[in-house]
């Protein structure tokens, strides 16, 4: 299923119908003047806690072959947001 883009006004106007679709597994990106500002996803999707994410990033360090101290968790997070 693909992510649907919907304007903020339409999202506000049809919020209850959108929630029903989200309950059925659909995703929505809310836009404001054509620019994405938020994404609404069902809670049933796999999410991990902040603690689990930090543990995973620390595990990634083991595979980084740069100089000690070169791996930057904050930069890895920002890089991940690009994809």
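Residue numbers (the numbering used here): 15 to 97.
Note that the Cβ used here is the ideal one computed from N, Cα and C, for glycine as well.
All values reported here derive from a predicted model rather than from experimental measurement.
{"query": "Alpha-carbon to alpha-carbon, residue 74 and residue 30", "result": "41 Å"}
{"query": "For residue 16, the residue or residues it bridges with in DSSP", "result": "DSSP, once it has assigned bridges, lists no residue as partnering residue 16."}
{"query": "Own chain, CB closer than 6 Å to residue 17, minus 5 neighbours either side, in chain order", "result": "41, 43"}
{"query": "Rounded separation between residue 62 and residue 90 - CA only", "result": "16 Å"}
{"query": "Beta-carbon proximity check, residue 55 vs residue 32, cutoff 9 Å", "result": "no"}
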